[in-house]
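A quick write-up on the structure given underneath.
Numbering (this note's numbering), first residue to last: 3 to 190.
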């Protein structure tokens, strides 16, 4: 694995990606009047995309999030912002359904600068698109996770501006989707 740093400070594996997957797709504009491709007309082979990477690889039978299947995109539903720790000032995108947090490059939320965070599945941030609600759950690793100073040992609801601690990293949670806005409702 050959990690390189993009101009915004993100690290990514240059053998897997031609450009930084964390920076997203440049020039993408989503307008309310655009029609979404219906599920009936979608091709049988879905394109595999890595965290917003523009070019995909055909992958028959790949598992995709329900929101992506319904509206054709895998939108951001919230953010985690590092307010203390090795990556202070950095933001991390939270997408629909289950987001694994860890140091590994294959994690949905990769916090690579904190060696006290487990490489894989330190914790999970889940977004339920049916209820427009967020939860934090403990991971499969040895490391502890705290929500507002309390240990996360079972899934717990997340609210705006909740503080999450993993290793030496302190994160602030900021939701986009709620009762006021939800991508599924907007896409209908």
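For every residue, glycine included, the Cβ atom is placed at its ideal position computed from N, Cα and C.
Pair within 8 angstroms by beta-carbon distance, residue i and residue j
i, j, result
"residue 97", "residue 83", "no"
"residue 125", "residue 154", "yes"
"residue 86", "residue 104", "no"
"residue 170", "residue 116", "yes"
"residue 185", "residue 73", "yes"
"residue 160", "residue 136", "yes"
"residue 150", "residue 139", "no"
Beta bridge counterpart(s) of residue i as assigned by DSSP
i, result
"residue 183", "In the DSSP output, where bridge partners are listed per residue, residue 183 has none listed."
"residue 14", "6"
"residue 122", "None, per the DSSP bridge assignment."
"residue 148", "153 and 167"
For residue i, the three-state DSSP class (helix, strand or coil)
i, result
"residue 73", "helix"
"residue 2", "Outside the shown range of the chain (3 to 190) lies residue 2, about which nothing can therefore be said."
"residue 127", "strand"
"residue 102", "strand"
"residue 87", "coil"
"residue 135", "strand"
"residue 93", "strand"
"residue 25", "coil"
"residue 177", "strand"
"residue 158", "strand"
"residue 113", "coil"
"residue 80", "strand"
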